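Note sheet for the following structure.
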Amino acid sequence: MSATKKFMTLERFINEQEQMHPSATGAFSGLLHDLSLAAKLVWREVSKAGLVNILGITDRMNVSGDVVKKLDEFADETVYKAMDHGGHLCVMASEENEDILHIPDNYPTGKYVLLYDPLDGSSNIDANITIGSIFSVYRRVTESGKGTLEDCLQPGSNQVAAGYIIYGSSTMFVYSTGRGVHGFTLDPSVGEFLLSHESITIPKKGKIYSLNEGNFCNWDEGMKRYVQYLKEQDKATNRPYSLRYIGTMVGDAHRTLLYGGIFAYPGDKKNPEGKLRLMYECNPMAFIFEQAGGKTSNGKQRILDVQPTSLHQHTPVFLGSEEDVKLCEEFLQGKR
Ligand code: AHG
Ligand code: MN
Ligand code: MN
Numbered sequence: 506m507s508a509t510k511k512f513m514t515l516e517r518f519i520n521e522q523e524q525m526h527p528s529a530t531g532a533f534s535g536l537l538h539d540l541s542l543a544a545k546l547v548w549r550e551v552s553k554a555g556l557v558n559i560l561g562i563t564d565r566m567n568v569s570g571d572v573v574k575k576l577d578e579f580a581d582e583t584v585y586k587a588m589d590h591g592g593h594l595c596v597m598a599s600e601e602n603e604d605i606l607h608i609p610d611n612y613p614t615g616k617y618v619l620l621y622d623p624l625d626g627s628s629n630i631d632a633n634i635t636i637g638s639i640f641s642v643y644r645r646v647t648e649s650g651k652g653t654l655e656d657c658l659q660p661g662s663n664q665v666a667a668g669y670i671i672y673g674s675s676t677m678f679v680y681s682t683g684r685g686v687h688g689f690t691l692d693p694s695v696g697e698f699l700l701s702h703e704s705i706t707i708p709k710k711g712k713i714y715s716l717n718e719g720n721f722c723n724w725d726e727g728m729k730r731y732v733q734y735l736k737e738q739d740k741a742t743n744r745p746y747s748l749r750y751i752g753t754m755v756g757d758a759h760r761t762l763l764y765g766g767i768f769a770y771p772g773d774k775k776n777p778e779g780k781l782r783l784m785y786e787c788n789p790m791a792f793i794f795e796q797a798g799g800k801t802s803n804g805k806q807r808i809l810d811v812q813p814t815s816l817h818q819h820t821p822v823f824l825g826s827e828e829d830v831k832l833c834e835e836f837l838q839g840k841r
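First residue of the sequence shown: 506, per the numbering used here; consecutive thereafter.
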């Protein structure tokens with residue numbers, strides 16, 4: 506019998522990880538199982554978005570001023586409804602909702618907190634370009650009862666789990682609970698996420714940079730000099746780098762995680778704090794990248810060390826291969 510790869514489903518993997526913690530109650534595993542179901546429910550709609558009338562735009566704007574597309578709303582409601590009755594959460598917060606999301610009174614509450622970007626890359630939905638969902642899990646900091654804003658506004662270093670679902674040529678569930686990063690590919694024929702990328706580690710250095718150069722004129726000098734440097738010819742340092750950017754953070758980050766290099770959304774003269782959200786995009790991705798051996802920064806400090814002050818705050822974000830992010834910081838801090 507050839508040594509085929511073991512048939513490991515996400516459910517079995519979660520259960521096996523739980524067995525490594527004798528004191529585990531099963532609540533954390535239950536939460537992850539619920540997230541896996543939420544992912545499949547969102548995938549089901551995303552995979553047929555072009556066929557049913559959920560494309561197009563609603564008349565709503567979200568708190569960040571982005572126009573909310575119907576699939577955003579569907580994904581937001583789907584995640585909330587998949588997660589609100591499992592008894593593992595005391596509160597949720599979503600990129601699409603201004604305030605925290607309470608657990609309905611008739612459902613039990615638990616000790617975890619979930620923050621999520623239900624649909625990332627909304628502007629790409631109608632063009633059938635890769636989109637994603639992002640999630641971030643914390644333990645509550647308040648004693649009991651309904652969760653509060655304080656439970657949600659924790660530094661990213663307090664995360665107990667984070668991950669994303671990427672709806673691309675295939676759909677993957679990529680996550681970490683602090684024991685490495687693992688990727689599972691959805692097999693639609695059996696409706697299971699199967700282990701396809703165990704212990705993902707990012708190369709120490711890459712040769713791809715991923716950012717929206719359309720903002721070049723508004724960047725500060727250090728950022729401009731860094732990108733110019735990447736474009737110069739120099740065989741010894743593998744330059745020029747290639748530019749790859751699809752405008753969906755989940756897609757650009759996933760490629761950076763697997764191939765190496767750097768993803769960035771810097772602040773600029775118009776938006777000094779950049780466009781991406783600390784709680785729903787940057788903290789979960791920073792957790793993943795650090796677990797995969799990468800480095801993350803807001804230009805000055807580690808993303809996970811930032812103490813949040815508001816639910817929808819933005820942050821400049823640089824994440825990727827350790828050497829690439831280190832070099833970028835040197836340019837940003839005027840050391841190069
Ligand atoms: P969302 O769809 O959740 O609002 O996120 C969109 C974000 C992120 O996915 C992507 O990296 C970035 O917007 C692209 O912004 P630009 O179009 O300004 O490059
Ligand atoms: Mn997003
Ligand atoms: Mn979104």
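Yeah, the Cβ is synthetic: ideal placement off N, Cα and C, and Gly gets one too.
Bear in mind the structure is a predicted one, so any value in this text is a computation, not a measurement.
Check, Outcome
"Please state whether the Cβ-Cβ distance between Pro660 and Pro813 is less than 8 Å.", "yes"
"Can you tell me where the alpha helix (DSSP H) with Thr583 in it begins and where it stops?", "575-588"
"Considering only the alpha carbon of each residue, which of Val573, Gly668, Leu699 lies closest to Met513?", "Leu699"
"Count the other CB atoms within 10 Å of the CB of Met566; is the residue buried (16 or more) or exposed (fewer)?", "exposed"
"Starting from Thr801 and walking both ways along the beta strand (DSSP E), at which residues does that stretch end?", "800-802"
"Tell me which residues pass a beta-carbon proximity test against ligand 3: closer than 7 Å to any heavy atom, given in chain order.", "Asp577, Glu600, Glu601, Asp622, Pro623, Leu624, Asp625, Ser627"
"What number of angstroms, rounded off, separates the C-alpha of Thr820 from the C-alpha of Tyr785?", "11 Å"
"Judging by CA-CA distance, which residue of Gln733, Ile751, Met754, Val572 is the nearest neighbour of Arg744?", "Gln733"
"With burial defined as no fewer than 16 other Cβ atoms inside 10 Å of the residue's Cβ, what is the status of Cys722: buried or exposed?", "exposed"
"Just to confirm the assignment: which complete beta strand (DSSP E) runs, minimum length 3, are found wholly within the region 645-722?", "666-672, 676-681, 686-692, 697-702, 713-715"
"Can you give me the C-alpha to C-alpha distance between Ser675 and Thr690, rounded to a whole angstrom?", "7 Å"
"Between the Cα of Ala580 and those of Ile636, Glu655, His593, spot the shortest distance and give me the residue it belongs to.", "Ile636"
"By DSSP's criteria, Gly825 is part of a beta bridge. Which residues make up the other side?", "Ile767, Lys800"
"If you run the structure through DSSP and keep just helix, strand and coil, what is Arg841?", "coil"
"Could you check whether the Cβ of Tyr669 sits closer than 8 Å to any Cβ belonging to chain D?", "Protein chain content of the structure displayed is limited to a single chain, and chain D is not contained in it."
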